[in-house]
Structure formats: structure tokens, C-alpha cells
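Contents: one structure, followed by commentary.
Numbering (our numbering), first residue to last: 21 to 164.
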């Protein structure tokens with residue numbers, strides 16, 4: 021169930037544009053929260069077993085070059101509905117360096133809503149980049 025609380029100081033008749041923008045952002049955030057998670061140890065096992073998955077690093081080029089999950093592809097955002105060319109028939113595991121995986125969730129939502137990727141083929145890495153590093157799992161540096 022989605023709860024919505026809005027406090028606005030409206031001095032004119034009608035709603036300001038930021039009200040509707042805020043409503044759209046909240047709706048997108050609520051939809052993004054519905055993605056399934058994969059735990060770091062499960063992802064590591066899948067990688068070691070050679071699973072046919074694509075790990076997607078939701079980070080800019082500079083952060084990606086400093087370190088990323090071994091084998092991950094970098095994808096910061098989906099701009100103007102341009103398909104990034106990720107395979108649609110494989111499991112996509114998206115991670116970021118956000119405290120609550122919010123960047124991963126928003127990227128996943130864009131892939132589903134704007135580009136018709138299947139929600140069932142997307143997982144969010146629980147704990148993201150920082151949990152992966154904390155656990156001492158394989159990382160690599162450099163750009164692709």
C-alpha cells in the first residue's frame with residue numbers, strides 16, 4: 021500500500037508544477053521498490069558457477085575505473101529511451117553505491133518502464149557495491 025503525504029504552501033489557486041513532478045517521482049520510486057533482490061553470496065556463487073547473467077554497475081566511468089564487481093558492465097543511466105543493448109534473455113543484476121540501492125532500483129525501473137525489459141529478469145544486489153567490498157568479494161579496476 022502506498023501512503024502519500026504532501027505539504028505545500030500554495031499561494032495561488034491551483035497546484036504548482038513541483039506538486040505533479042513530486043507525484044510522478046513518488047510513483048516511480050514506489051514501482052522501483054518492487055524489484056527482487058539477490059544476496060551477495062548468491063551472486064558470487066552464480067558468478068563462480070559460470071551462470072549466464074549480466075552484472076550491471078550503475079556508476080559513472082570514474083567510479084567504475086576505480087573498482088567494480090569483476091566482469092560487470094557499466095551503465096549509469098538510460099538516456100532519452102536509448103536502449104543500452106543489454107541482453108533481454110538473461111538475468112540482469114544491477115548494483116550501485118547507494119545506501120538503500122535507490123540508484124539500482126531507479127535504473128531497473130527505467131529499463132522496465134521506458135524500454136520494456138522484463139521485470140522478472142532483473143535483480144537488485146542487496147547491499148550493493150559497499151556490501152560486496154565489505155565481504156571481500158572479487159573486484160577489478162579499470163575501464164572496459
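We put the CB at the ideal spot given by N, CA and C, even for glycine.
Residue range of the alpha helix (DSSP H) that includes residue i
i	result
residue 63	60 to 68
residue 150	148 to 154
Classification of residue i by the beta-carbon crowding that lies within 10 angstroms, buried from 16 upward
i	result
residue 65	exposed
residue 108	exposed
residue 26	For residue 26, the predicted structure reports a pLDDT of 33, less than 50, and the residue's modelled location is therefore unreliable. A value from the coordinates is still provided. Flag for residue 26 reads exposed.
residue 77	buried
residue 91	exposed
residue 119	exposed
Neighbourhood of residue i by C-beta, 8 Å cutoff - its chain only, sequence neighbours within 5 removed
i	result
residue 146	57, 58, 59, 60 and 121
residue 163	81, 84, 85 and 94
Cβ-based neighbour list, residue i, same chain, cut-off 7 Å, excluding 5 preceding and 5 following
i	result
residue 149	115, 116 and 117
residue 23	Reliability of the predicted coordinates at residue 23 is poor, the pLDDT of 34 falling under 50, and the value obtained from them is presented with this limitation in mind. Cβ within range, chain order: n/a, list empty.
residue 68	none
residue 72	110
residue 63	113 and 145
residue 44	In this predicted model, residue 44 has a pLDDT of only 42, less than 50, meaning its place in the structure is not dependable; the value taken from the coordinates is given anyway. Result list for residue 44: empty, nothing under 7 Å.
Segment limits, beta strand (DSSP E) that includes residue i
i	result
residue 145	142 to 145
residue 77	73 to 77
residue 111	111 to 115
Residue i - DSSP class collapsed to helix/strand/coil
i	result
residue 101	coil
residue 137	coil
residue 160	strand
residue 83	helix
residue 45	Any reading at residue 45 must be qualified, since the residue scores a pLDDT of 43, below 50, and its modelled position is unreliable; the value itself is stated next. It is helical.
residue 92	coil
Residue i CB to nearest heavy atom of the ligand HEM below 7 Å
i	result
residue 92	No copy of the ligand HEM occurs in the structure displayed, which carries no ligand at all.
Own chain residues within Cβ distance below 6 Å of residue i, not counting five before or after
i	result
residue 155	60
Is it a yes or a no for the stretch 121 to 128 touching the stretch 136 to 145, going by three-plus beta-carbon pairs under 8 Å? yes
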